[in-house]
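Participant:
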Amino acid sequence: MTLAIESSKALVQYRFSTYELIPFAVAIAFYFVLPDYLPLGTAICVTAIFALSLDLVIGYAGIVTLGHSVFFGIGAYSAALLSRSGWGEPVSTVIAAAAVAAFFALLSGPLLLRLRGLPLIMVTLGVASVVSEAANKLSWLTGGNDGLPGLIFDPVFKMFAWSIDGKTAYLYALAWLFVVLIVARTVVSSSFGVALQGIRQNELRMRLIGAPVLSQLVAVYALSAGVAGVAGALYAQSNGFVGLEALSVDQGVFALAMIVLSGIGRLYGAIVGAVVYMVVQYTAQQWDPYYWMLAIGVMLVLVVRFSKGGILGALDALSAGLKRRMETRL
Amino acid sequence: MSEYTLEARGLRKSFGALSVTDNVHLRLKKGARHALIGPNGAGKTTLVGLLSGVIRPSSGQVFLGGRDVTRDQPAVRTRMGLVRTFQLTNLFSDMTVIENLYLAVGQKLSTGFDMFRPAGRRTNVLDEVHAVIDRMGLAECAQKKVSELAYGHQRLVEIAMALALEPRVLLLDEPAAGIPTSELAVLVDVIEALDPGITVLIIEHDMALVRRVAREATVLVAGRVLLEGPIGAVMASEEVHRVYLGRAAKRSESCGAN
Numbered sequence: 020m021t022l023a024i025e026s027s028k029a030l031v032q033y034r035f036s037t038y039e040l041i042p043f044a045v046a047i048a049f050y051f052v053l054p055d056y057l058p059l060g061t062a063i064c065v066t067a068i069f070a071l072s073l074d075l076v077i078g079y080a081g082i083v084t085l086g087h088s089v090f091f092g093i094g095a096y097s098a099a100l101l102s103r104s105g106w107g108e109p110v111s112t113v114i115a116a117a118a119v120a121a122f123f124a125l126l127s128g129p130l131l132l133r134l135r136g137l138p139l140i141m142v143t144l145g146v147a148s149v150v151s152e153a154a155n156k157l158s159w160l161t162g163g164n165d166g167l168p169g170l171i172f173d174p175v176f177k178m179f180a181w182s183i184d185g186k187t188a189y190l191y192a193l194a195w196l197f198v199v200l201i202v203a204r205t206v207v208s209s210s211f212g213v214a215l216q217g218i219r220q221n222e223l224r225m226r227l228i229g230a231p232v233l234s235q236l237v238a239v240y241a242l243s244a245g246v247a248g249v250a251g252a253l254y255a256q257s258n259g260f261v262g263l264e265a266l267s268v269d270q271g272v273f274a275l276a277m278i279v280l281s282g283i284g285r286l287y288g289a290i291v292g293a294v295v296y297m298v299v300q301y302t303a304q305q306w307d308p309y310y311w312m313l314a315i316g317v318m319l320v321l322v323v324r325f326s327k328g329g330i331l332g333a334l335d336a337l338s339a340g341l342k343r344r345m346e347t348r349l
Numbered sequence: 002m003s004e005y006t007l008e009a010r011g012l013r014k015s016f017g018a019l020s021v022t023d024n025v026h027l028r029l030k031k032g033a034r035h036a037l038i039g040p041n042g043a044g045k046t047t048l049v050g051l052l053s054g055v056i057r058p059s060s061g062q063v064f065l066g067g068r069d070v071t072r073d074q075p076a077v078r079t080r081m082g083l084v085r086t087f088q089l090t091n092l093f094s095d096m097t098v099i100e101n102l103y104l105a106v107g108q109k110l111s112t113g114f115d116m117f118r119p120a121g122r123r124t125n126v127l128d129e130v131h132a133v134i135d136r137m138g139l140a141e142c143a144q145k146k147v148s149e150l151a152y153g154h155q156r157l158v159e160i161a162m163a164l165a166l167e168p169r170v171l172l173l174d175e176p177a178a179g180i181p182t183s184e185l186a187v188l189v190d191v192i193e194a195l196d197p198g199i200t201v202l203i204i205e206h207d208m209a210l211v212r213r214v215a216r217e218a219t220v221l222v223a224g225r226v227l228l229e230g231p232i233g234a235v236m237a238s239e240e241v242h243r244v245y246l247g248r249a250a251k252r253s254e255s256c257g258a259n
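Protein chains in written order, with this note's numbering: chain F, 20 to 349; chain S, 2 to 259.
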């Protein structure tokens with residue numbers, strides 16, 4: 020007899036469900052139905068990748084950081100500087116940018132990840148502010164306030180030029196989102212992923228079963244930073260410009276709002292969160308370019324007040340409730 | 002290689018003026034079945050904390066297989082084979098019994114950095130998890146979250162976690178506390194069936210259990226070793242009766258237990 024593991028979610032989350040096709044079906048449909056909004060779609064994909072990187076550390080490993088904008092910024096500036104120095108091949112640029120971001124996470128992780136809770140939040144916030152200010156001063160490298168404009172990248176796979184209608188950029192960013200999601204999904208459903216969830220729930224006990232907790236946290240931190248670097252590089256490529264806002268601390272805070280909004284620790288939450296957040300932001304900005312944040316704020320308050328697990332948590336509760344009803348009727 | 006598998010030399014721990022562990026020497030040979038007894042507040046759990054590395058000693062040393070591990074982190078000691086259980090259940094309460102044991106077995110089999118194979122397909126880990134579940138009679142609640150289990154079952158999971166790690170030295174901190182009498186037999190059987198090569202230190206108030214599983218005992222009173230020796234001699238000692246056993250016996254009479 021083999022062990023029945025159906026109820027152990029951490030062990031069976033590697034199994035694909037048909038629901039997982041929905042976001043990509045919607046994304047493909049979007050391409051055909053709303054071609055005028057493709058730049059918004061590209062921005063959503065980039066944001067979703069960044070939110071996903073944050074969900075890896077916060078939702079799975081329990082590392083609450085407000086400084087993830089640093090890795091987004093490093094990815095963006097790395098891609099920009101590569102382009103400036105004459106390297107325009109887009110895919111390798113993204114990989115290189117991810118590697119640079121992961122490298123900085125490997126350097127800073129062993130120090131930062133000894134902290135927990137409020138001290139960690141404050142220190143990551145502090146580091147992000149310092150890095151952002153340093154980038155402003157290092158204008159020979161970053162262009163300072165003017166940023167690095169007019170970036171040019173080669174066509175994707177030497178075939179698809181970056182067209183003015185944004186079709187290439189959209190499909191390219193969407194493909195990256197798909198790749199990143201598959202990687203993240205594989206990692207969180209592995210033994211390593213289960214160990215991360217163990218650390219989040221009871222770190223002391225993980226130490227006492229002999230787990231190398233700090234190294235495991237540094238590993239996921241570096242992976243997450245790499246993913247944030249991917250998002251940053253895509254941001255540079257799709258805009259053809261990188262400025263200081265790529266390093267702005269706000270980025271990390273907005274991404275946190277997105278995953279809280281849709282449900283923390285479930286990867287797809289990052290995608291749903293990015294879509295909802297960006298669409299509400301876009302619509303609210305049309306409505307009022309000054310007070311648009313009000314809409315986001317009200318939405319956050321409502322979701323947090325009425326659903327513990329965010330939007331996806333509410334959907335779970337709803338479907339569980341419907342199931343129970345069906346069963347009692349039968 | 003030293004003669005002793007686990008050795009404490011002159012361990013002291015004080016919190017301010019309060020001395021909770023006072024110059025404790027402890028020597029356990031390979032395969033020892035050693036009981037640590039004493040009244041509440043004698044510093045037994047603190048001693049387990051010092052041995053497992055969760056608490057840093059004010060002075061003194063801990064040796065594991067002849068190696069000084071006083072400066073080593075708990076995780077390092079665990080990887081060297083020193084495993085403890087907790088008096089108050091300390092588990093991953095939002096996870097199922099299977100997931101809890103998966104974490105322990107997975108760590109033992111060094112899958113902690115395996116990022117690409119699905120956890121649910123690691124049959125070598127799952128088979129061992131299965132074996133531990135059977136051994137502890139936990140098959141019926143294996144699918145449940147730990148937080149949904151009765152306290153007695155949580156205690157058994159606590160012991161199962163330690164066994165899953167295949168320890169060389171096992172520190173059991175009041176394993177029987179909270180386990181209903183009906184399920185105590187499982188615990189006793191498991192402890193008696195442990196590999197004779199495993200060194201066991203057991204803290205326990207249930208004297209019937211201590212008599213059954215232990216061969217030697219150390220009596221701790223107010224942080225100091227009062228007496229040490231074969232279990233029979235310790236149990237027969239008048240001094241031990243005066244400071245501890247007498248009271249324990251009276252208490253169980255007044256509660257109508259046993």
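No residue lacks a Cβ here, since even glycine has one placed at the ideal position from N, Cα and C.
Who pairs with Ala9 of chain S in a beta bridge, going by DSSP?
Facilitator: Residue mapping note: residue 9 of chain S aligns to position 8 of the second sequence, counting from 1. The partner list for Ala9 of chain S (beta bridge, DSSP) reads S:Leu27, S:Val63.
Participant: Pick from S:Thr79, S:Leu27, S:Gly107: whose alpha carbon is nearest that of Gly11 of chain S?
Facilitator: For this step, residue 11 of chain S is matched to residue 10 along the second sequence. The candidate whose alpha carbon is nearest that of Gly11 of chain S is S:Leu27.
Participant: For Arg57 of chain S, return the contacting residues in chain C, with the cut-off set at a CB-CB distance below 7 Å.
Facilitator: In the structure shown, chain C does not exist; the protein chains are F and S.
Participant: Quick one: is Gly128 of chain F near chain S, going by C-beta distance under 8 Å?
Facilitator: As a position in the first sequence, residue 128 of chain F is number 109, starting the count at 1. Not one chain S Cβ lies under 8 Å of Gly128 of chain F.
Participant: Ala177 of chain S and Glu217 of chain S - do their beta-carbons sit closer together than 8 Å?
Facilitator: Sequence index remark: in the second sequence, residue 217 of chain S carries index 216 (1-based). Sequence index remark: in the second sequence, residue 177 of chain S carries index 176 (1-based). No, the pair does not count as a contact, with Cβ atoms beyond the cut-off.
Participant: What are the boundary residues of the alpha helix (DSSP H) that includes Ile68 of chain F?
Facilitator: Position 49 of the first sequence, counting from 1, holds the residue named residue 68 of chain F. Segment 57-74, the alpha helix (DSSP H) holding Ile68 of chain F.
Participant: Starting from Gly245 of chain F, follow the alpha helix (DSSP H) in both directions and report where the run begins and ends.
Facilitator: Translated into the one-based positions of the first sequence, residue 245 of chain F becomes position 226. Note, Gly245 of chain F: alpha helix (DSSP H), 232-258.
Participant: Between Ile228 of chain F and chain S, is the shortest Cβ-Cβ distance under 8 Å, so that the two count as touching?
Facilitator: Here residue 228 of chain F corresponds to residue number 209 of the first sequence, with the count starting at 1. At least one chain S Cβ lies under 8 Å of Ile228 of chain F.
Participant: Counting contacts by CB-CB distance shorter than 8 Å, is Arg135 of chain F in contact with chain S?
Facilitator: Start at 1 with the first residue of the first sequence, and residue 135 of chain F comes out as number 116. Arg135 of chain F does not count as touching chain S.
Participant: Are the CB atoms of Ala265 of chain F and Gly92 of chain F nearer to each other than 8 Å?
Facilitator: Translated into the one-based positions of the first sequence, residue 265 of chain F becomes position 246. Translated into the one-based positions of the first sequence, residue 92 of chain F becomes position 73. Yes, they are a contact pair.
Participant: In chain order, what residues of the stretch 188-213 of chain F put their CB closer than 8 Å to some CB of chain S?
Facilitator: Hits within the stretch, in order: Thr205, Val206, Ser208, Ser209, Ser210, Phe211, Gly212, Val213.
Participant: Below 8 Å on the Cβ atoms is my guess for Val83 of chain F versus Leu167 of chain F; work out the distance and round it to an integer in Å.
Facilitator: Locating residue 83 of chain F in the first sequence gives position 64, where the first residue counts as 1. Locating residue 167 of chain F in the first sequence gives position 148, where the first residue counts as 1. Contact doesn't hold; Cβ gap of about 31 Å is too wide.
Participant: When you compare the CB positions of Ala289 of chain F and Ala303 of chain F, do they come within less than 8 Å of one another, or not?
Facilitator: Against the first sequence, residue 289 of chain F aligns to sequence position 270. Against the first sequence, residue 303 of chain F aligns to sequence position 284. No. Outside cutoff.
Participant: Using a C-beta to C-beta distance shorter than 7 Å, which residues of chain F count as neighbours of Gln88 of chain S?
Facilitator: In the second sequence, counting from the first residue as 1, residue 88 of chain S sits at position 87. Near Gln88 of chain S there are no residues of chain F at all, since even the closest Cβ is about 13 Å away, more than 7 Å.
Participant: Only counting runs of 4 or more residues, tell me where the alpha helix (DSSP H) segments fall wholly within the stretch 156-210 of chain S, in order along the chain.
Facilitator: Listed in chain order, the complete alpha helix (DSSP H) runs (minimum 4 residues) inside the stretch 156-210 of chain S are 182-193.
Participant: At the level of alpha carbons, what is the spacing between Ala252 of chain F and Ser15 of chain S?
Facilitator: Numbered from its first residue, the first sequence carries residue 252 of chain F at position 233. Numbered from its first residue, the second sequence carries residue 15 of chain S at position 14. Spanning the two alpha carbons is a distance of roughly 55 Å.
Participant: Given that a residue counts as buried once 16 or more other Cβ atoms are within 10 Å of its Cβ, and exposed if not, what is Ser60 of chain S?
Facilitator: Locating residue 60 of chain S in the second sequence gives position 59, counting from the first residue. Looking at its Cβ environment, which holds fewer than 16 other Cβ atoms inside 10 Å, Ser60 of chain S is exposed.
Participant: Okay, do the stretch 51-62 of chain F and the stretch 116-130 of chain S touch, 3+ Cβ pairs below 8 Å being the bar?
Facilitator: Verdict: no, contact absent.
Participant: For Cys256 of chain S, which three-state DSSP category applies?
Facilitator: Along the second sequence, one-based indexing puts residue 256 of chain S at 255. Residue confidence for Cys256 of chain S is low, a pLDDT of 37 falling below 50, so the modelled location carries little weight; the figure read from the coordinates is stated next. Helix at Cys256 of chain S.
Participant: Determine contact between the stretch 108-118 of chain S and the stretch 56-73 of chain S, defined as no fewer than three beta-carbon pairs at a distance below 8 Å.
Facilitator: These segments do not touch.
Participant: Identify every residue that forms a DSSP beta bridge with Thr22 of chain S.
Facilitator: Numbered from 1 along the second sequence, position 21 holds the residue referred to as residue 22 of chain S. DSSP output for Thr22 of chain S lists S:Lys14 as bridge partner(s).
Participant: Is there at least one Cβ from chain S nearer than 8 Å to Gln235 of chain F's Cβ?
Facilitator: Here residue 235 of chain F is taken as the residue at index 216 of the first sequence, counted from 1. So yes, Gln235 of chain F belongs to the interface.
Participant: Between S:Ala76, S:Tyr152, S:Met236, S:Cys142, which lies nearest to Leu233 of chain F when the distance is taken from Cα to Cα?
Facilitator: To locate residue 233 of chain F, count along the first sequence from 1; it is residue 214. Taking only the C-alpha atoms, the option nearest Leu233 of chain F is S:Ala76.
Participant: Going by CA-CA distance only, name the one from S:Arg213, S:Ala165, S:Tyr245 that's closest to Thr79 of chain S.
Facilitator: Taking the first residue of the second sequence as position 1, residue 79 of chain S is located at position 78. It is S:Ala165.
Participant: Using three-state DSSP, classify Gly81 of chain F as helix, strand or coil.
Facilitator: Here residue 81 of chain F is taken as the residue at index 62 of the first sequence, counted from 1. Correct three-state label for Gly81 of chain F: coil.
Participant: Is the Cβ of Gln62 of chain S closer than 8 Å to any Cβ of chain F?
Facilitator: Translated into the one-based positions of the second sequence, residue 62 of chain S becomes position 61. Not closer than 8 Å to any Cβ of chain F, the Cβ of Gln62 of chain S fails to qualify, so no.
Participant: Arg34 of chain S lies in the beta strand (DSSP E); which residues open and close that run?
Facilitator: The sequence position of residue 34 of chain S within the second sequence is 33, counting from 1. Element bounds for Arg34 of chain S: 34-38.
Participant: Can you name the start and end residues of the beta strand (DSSP E) that Gly284 of chain F belongs to?
Facilitator: Against the first sequence, residue 284 of chain F aligns to sequence position 265. Where Gly284 of chain F is concerned, there is no enclosing beta strand (DSSP E), given that its DSSP letter is neither H nor E.
Participant: Can you name the residues of chain S whose CB is closer than 9 Å to the CB of Ala23 of chain F?
Facilitator: As a first step, residue 23 of chain F is located in the first sequence; it is residue number 4 there, counting from the start. Those are Ile99, Ala143, Gln144, listed as they occur along chain S.
Participant: Pick from F:Thr21, F:Ala194, F:Gln32, F:Ser26: whose alpha carbon is nearest that of Thr205 of chain F?
Facilitator: Here residue 205 of chain F refers to the residue found at position 186 of the first sequence. Measuring from the Cα of Thr205 of chain F, the nearest candidate turns out to be F:Gln32.
Participant: By the criterion of Cβ-Cβ separation under 7 Å, what are the contact partners of Pro119 of chain S in chain F?
Facilitator: Within the second sequence, the letter at position 118 stands for residue 119 of chain S. Those within 7 Å of Pro119 of chain S in chain F are Tyr33, Ser208, Ser209.
Participant: Please return the same chain residues whose Cβ sits closer than 6 Å to the Cβ of Glu254 of chain S, not counting the five positions on each side in sequence.
Facilitator: By 1-based counting over the second sequence, the position of residue 254 of chain S is 253. Any reading at Glu254 of chain S must be qualified, since the residue scores a pLDDT of 41, below 50, and its modelled position is unreliable; the value itself is stated next. Around Glu254 of chain S: no qualifying Cβ.
Participant: Going along chain F in order, which residues have a C-beta closer than 7 Å to the C-beta of Ser183 of chain S?
Facilitator: Taking the second sequence and counting its residues from 1, the one referred to as residue 183 of chain S is at position 182. Residues of chain F passing the Cβ test: none, with the nearest at roughly 25 Å.
Participant: Straight-line CA distance for Ser151 of chain F to Val268 of chain F?
Facilitator: Stepping through the first sequence from its first residue, residue 151 of chain F is reached at position 132. Stepping through the first sequence from its first residue, residue 268 of chain F is reached at position 249. Using only the alpha carbons, I get a separation of about 8 Å.
Participant: Can you give me the start and stop residues for the alpha helix (DSSP H) that Val77 of chain S sits inside?
Facilitator: Translated into positions along the second sequence, residue 77 of chain S becomes position 76. From DSSP, the alpha helix (DSSP H) with Val77 of chain S extends over 75-80.
Participant: When the cut-off is 8 Å and only beta carbons count, does Ala238 of chain F lie next to chain S?
Facilitator: As a working mapping, residue 238 of chain F is identified with position 219 in the first sequence. It does; some Cβ of chain S falls within 8 Å.
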